[in-house]
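Chains as they are written, first to last, in my numbering: chain A, 4 to 166; chain B, 3 to 177.
Glycine included, every Cβ here is placed at the ideal spot set by N, Cα and C.
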């Protein structure tokens, strides 16, 4: 597992460009708080600057009192889990571990698997997001959370090789 | 440079739609194992298929049990299975030519003499309301070190060319 890039945004989003094609899998590790919006807002993004209706997602989650699931097809964003928001406890951030397998394979759509959670001392979310980017293009750039990362957030991109 | 995940073996599925893939001669020098796979089966019965794991060629599955939580896009639920280490949702042929699911299987303390615990994450996403994100924890009540692993489709369906299974060892301090 090899570190490719780290971002420490103080505002706005994060974009990783020129992602090397020399790995088999990618992993994002996101430590996130938003400067706007409520608790538990989703972290949206895109691959290769594609803003078309080429994404879909499903969610499996729990909020400490009940479980839930939701989905949407033909979306204009990929999703990478939940972020803490302005109504969460101060200094609380979410965690997201995002796997993007076979990201450079030009015969496959790209399936994204995220384990994510945020606890806020009295409320919280834990769950899994899965997303699909309906493109066979190799992923060369990733945009995350346009417009609203708060100071203290970090996003790390890793490459994973195979034997 | 890599200090955490060490690649051990990779199986890339070619032609012929094999029903099962094998990892053998797994070294006992790590603490845990991780399998990452991007795969699709030839089944068409629903929008996903189910995969299973076999330890040390013990296909009887008698010693295995699993607890699952999954969501179908409108509600979440949980169940338990005995005599299996399976139920890992995976993409199948109904998702279209280019759609492959993404899954991970973490196997803790695989070389120790305790029972073997696993946790899996499954992402068989398609552009539809029906997919099945799922989390499964499993227990294999066997004390032997794991030296071989097999993964196959519960339906007995084959694996599509381009499916890739990557086995990693998690390093411990001192290696």
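{"query": "8 Å Cβ cutoff, residue 71(B) in contact with chain A", "result": "yes"}
{"query": "Coil, strand or helix - residue 119(B) by DSSP", "result": "strand"}
{"query": "Residue 149(B) versus residue 27(B) - alpha carbon distance", "result": "5 Å"}
{"query": "Counterpart residues of residue 185(A) in DSSP-defined beta bridges", "result": "The structure shown does not extend to residue 185(A), since chain A spans only 4 to 166, so no value can be given for it."}
{"query": "Residue 67(B) in three-state terms, based on DSSP", "result": "strand"}
{"query": "Rounded straight-line distance, which links the Cα of residue 114(A) to that of residue 42(B)", "result": "12 Å"}
{"query": "Burial state of residue 36(A), where buried means 16 or more other Cβ atoms lie within 10 Å", "result": "buried"}
{"query": "Under 8 Å between C-beta atoms of residue 143(B) and residue 117(B)", "result": "yes"}
{"query": "Beta strand (DSSP E) segment containing residue 8(B), residue limits", "result": "7-14"}
{"query": "Residue-level contact to chain A via CB, residue 3(B), 8 Å cutoff", "result": "Note that residue 3(B) scores 43 on pLDDT, short of 50, meaning its location in the model is unreliable and no value can be drawn from it."}
{"query": "DSSP beta-bridge partners of residue 50(B)", "result": "Paired residue(s): none; residue 50(B) is not in a bridge."}
{"query": "The region 149-165 of chain B: positions lying closer than 7 Å to chain A by Cβ", "result": "164"}
{"query": "Residues within the region 115-130 of chain B neighbouring chain A, beta-carbon criterion of under 9 Å", "result": "123, 124, 125, 126, 127, 128, 129 and 130"}
{"query": "Residue 66(A), buried or exposed, once every other Cβ within 10 Å from all chains shown has been counted against 16", "result": "exposed"}
{"query": "Through-space distance from residue 123(B) to residue 3(B), alpha-carbon basis", "result": "In this predicted model, residue 3(B) has a pLDDT of only 43, less than 50, meaning its place in the structure is not dependable; the value taken from the coordinates is given anyway. Those two C-alpha atoms are separated by around 27 Å."}
{"query": "Reduced DSSP category for residue 3(B) - H, G, I as helix; E, B as strand; rest coil", "result": "Bear in mind that the predicted position of residue 3(B) carries a pLDDT of just 43, short of 50, making it too unreliable to give a figure here."}
{"query": "Near-chain A residues of the region 13-32 of chain B (beta-carbon distance less than 9 Å), N- to C-terminal order", "result": "14"}
{"query": "Residue range of the unbroken beta strand (DSSP E) whose run includes residue 131(A)", "result": "127-136"}
{"query": "Neighbour flag for residue 140(B) against chain A, beta carbons, 8 Å", "result": "no"}
{"query": "Straight-line gap, residue 158(A) to residue 9(A) (C-alpha atoms, nearest Å)", "result": "6 Å"}
{"query": "Backbone CA spacing between residue 137(A) and residue 61(B) [nearest angstrom]", "result": "36 Å"}
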